[in-house]
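Below is one structure, written out as structure tokens; comments come after it.
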Amino acid sequence: MILVTLRQPQDKNQDKTAIPSLKMPEDFFCSEEANHEICLRLSQEEKNEGLKYTHHFLCELVESNKSNPCFWYTPISEMQPFMSCLLRAIEVKNSLERYCCKLKGKFIFADSDIFLLDFIRKNFSEEIQIKNPFFIFFKSKGKSFKNFILRYVNTFAWFWEHSSHLRKSKTLSKLPNHIDFLFFSRFEKKHENQIFQEKWIDPYLGELPEFIHKDASIALIGRCGADPKKLSGNLATFSSFPLWTIYQHLKLRNLFQIIWQAFRFRLCTKHVSNRALADLAYKENLTHCRAIADCLLVEKALENLLEKVSVGKIIFMQENNAWESAIVNATKKAKLKVPTLGYFHCPVIPSSFRYHMNPTLLQYKPLPDKILTLGTEMSKAMKKLGDWGDKLMDGYAFRSPLPVKPFLCRKETEVEKKNLLVLLGGNYDNVIFLKWLDQEPKGTLSQEWRYLVKGHPRLSAMDFLKKAEIPYGPNEKFECVPCDRSIEDVLTEVVCVVFKGTTAGIIGLAAGLPTIHVDHNGMLTDNVLFNAEGLCTSVNNFESFQTALAKVSQNFVADPKAESYAFSYYNQDDKVQKKILEFLKN
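Next comes the structure, spelled out in structure tokens:
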């Protein structure tokens, strides 16, 4: 049995009949057929180098294992096909647990994500054969190897240009002798599917307590491809803060050192054994192989900075990104110890699922000295994932106070129709979420409902709906909620809150409304950071969505546990603030 899944964003002009239909793993595992055709869907013009060498590797793998069951699993994100290791890992875990016992014979798993492979090896079978497709292009006729080298050269050429431009920028501050709070923020290029007109600097500094602002400085971390010239025009928003780019402190010899280190790591993964996999995966300065160069650049730049400047505290968002480990590593190498604080900025952070997939990650991954959670409930959920020692510290949502009064009393006359409030996050997945709601089968129960869509604080619902190409208006199934209309006001007109995985779920609970978490990709994710103790219903298909809607009624009685959960997240009492202040000031 051969299974291949490779999804790409769908091209409207493409002949759909020419594309083999894709099946989920359970469809293959439950089938009695011995062999299946390979379903491979490439990008529109097959220009993506990653897809080309993946296809080449796949053909070799299938050719050499014709007589064996072969399970091949590739990224399945509809937005960024090569950026979904985490969700892929979760679905693979669930699929293996359900259907692995039905497979007979040799079992081959091919993937490029070391963490995922190590998880499978540890939890299922030492006999699983692991194939890594990354280095297959070294066997080709030199072109792919050349492109690999050029990719690294172009990456570092960009970093050098970026650093040079920002050093000359009048917007950047001169380097002081001492910094009280060094806050790390990132900027990145505009992706093809990104719906923000500009997303150069994360605005999360505004979430931190005011007492930090007066003493804070910002160190920028870039993503390859972001235009530093456009960046400098966006810095006016942060004009009140001393601002640096971390790459200002890189030297030319550092770039050559990093190229060699990154290349060496790639080379040593070519012939990796099962036994050596865990040691390789948890190298001190790495979190996943895709971001090796970024890690090394940040680490070396911060090392150089700490040689020139004394820093009181380093603060960054705890999102389990690769560069966070690099920051911690650099502080450990500094002559004077620099305390680090990582803080969560939303209750559901997808990258944190890695802790759930790999509990041993806590033993190897460099973590900040303290991690500020979003209340006691989140701390409890995190502690179930592994031993954090004394690192976890109960915090609260910095970004805002509780935006609704608990247990709103809805008036019957105000809810004339069956209105559902759809609360959106700030990424492209929410466009897919809306399309999922719009494409539900005719005649289903959910056709009777009407969706009031409220966008992200930084992006209106109208922008999301336009991107999803969904008609909206007073007489349509979807209607936009104006940006300036308060969430509290809208909640009086709906009987249920539907969300995908943002702070929105907490708001619904706080209002005493039934909440439905839609996992529209059918990824069967274990949402460990949103443990609402049964208060929130998770659905992953139209059937379960209809079942959840059938239970929603005007007579819904709010559970008191919802209030406790919501106030844990928005807890801003004096004791919590005092504890955070003591850590930051000492």
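At position 214 of the sequence shown (counting the first as 1) the number is 207 in the working numbering, and the numbers step up by one without a gap.
C-beta: ideal position from N, C-alpha, C; glycine also.
- In the three-state DSSP reduction, residue 465 falls in the strand class (E or B).
- Residue 295 and residue 578 have their C-alpha atoms roughly 22 Å apart.
- Between residue 488 and residue 569, the gap from beta carbon to beta carbon reaches 8 Å or more.
- In the DSSP assignment, residue 386 forms a beta bridge with 365.
- If you draw a straight line from the Cα of residue 305 to the Cα of residue 361, it is about 14 Å long.
- Here the alpha carbons of residue 415 and residue 463 stand approximately 14 Å from one another.
- Between the alpha carbons of residue 379 and residue 371 lies a gap of roughly 13 Å.
- Residue environment analysis places residue 311 among the buried positions, since at least 16 neighbouring C-beta atoms fall within 10 angstroms of its C-beta.
- With a contact defined as Cβ atoms closer than 8 Å, residue 476 and residue 498 miss out at about 20 Å.
- Non-local C-beta neighbours of residue 428 in its own chain, meaning closer than 6 Å and more than five positions away in sequence, comprise 461, ordered along the chain.
- As computed with DSSP, residue 246 is found in no beta bridge at all.
- Around the beta carbon of residue 324, 16 or more other beta carbons sit within 10 angstroms, so the residue counts as buried.
- By the 16-neighbour rule on beta-carbons within 10 angstroms, residue 293 is buried.
- Taking a 10 Å sphere around the C-beta of residue 242, we find 16 or more other C-beta atoms and assign the residue as buried.
- Between residue 176 and residue 210, the C-beta spacing is below 8 Å.
- Residue nearest to residue 481 within the set 502, 493 and 466 is 502 (criterion: CA-CA distance).
- Looking only at 383, 485, 334 and 369, the smallest Cα-Cα distance to residue 574 is reached by 334.
- Nearest C-alpha to residue 169 among 363, 300, 245 and 452: 300.
- In the same chain as residue 303, and ignoring 5 residues on each side of it, the C-beta atoms closer than 6 Å to its own belong to 171, in chain order.
- The three-state secondary structure of residue 530, taken from DSSP, is strand.
- Under the three-state reduction of DSSP, residue 411 is assigned to coil, being neither helix nor strand.
- In this structure, DSSP gives residue 505 a state outside helix and strand, which the three-state scheme calls coil.
- Under DSSP, residue 335 shares a beta bridge with 309 and 364.
- Between residue 413 and residue 445, the gap from beta carbon to beta carbon is short of 8 Å.
- Judged by DSSP in its simplified three-state form, residue 511 adopts strand.
- Secondary structure of residue 458 (DSSP, three-state): helix.
- Under the DSSP assignment, residue 447 falls in the beta strand (DSSP E) whose first and last residues are 443 to 447.
- Here DSSP, grouped into helix, strand and coil, assigns residue 372 to helix.
- Residue burial annotation: residue 319 is buried, with at least 16 other C-beta atoms found within 10 angstroms of its C-beta.
- Between residue 291 and the set 308, 251 and 373, the nearest pair of CA atoms involves 251.
- The straight-line gap separating the alpha-carbon atoms of residue 386 and residue 469 is approximately 46 Å.
- Residue nearest to residue 363 within the set 509, 332 and 375 is 332 (criterion: CA-CA distance).
- When rounded, the separation of the alpha-carbon atoms in residue 244 and residue 572 is 40 Å.
- Excluding its 5 nearest sequence neighbours in each direction, residue 532 has C-beta neighbours in its own chain below 8 Å: 509, 510, 511, 512, 538, 540 and 541, listed in chain order.
- Beta-bridge annotation (DSSP): residue 210 is paired with 175.
- Here the alpha carbons of residue 389 and residue 478 stand approximately 25 Å from one another.
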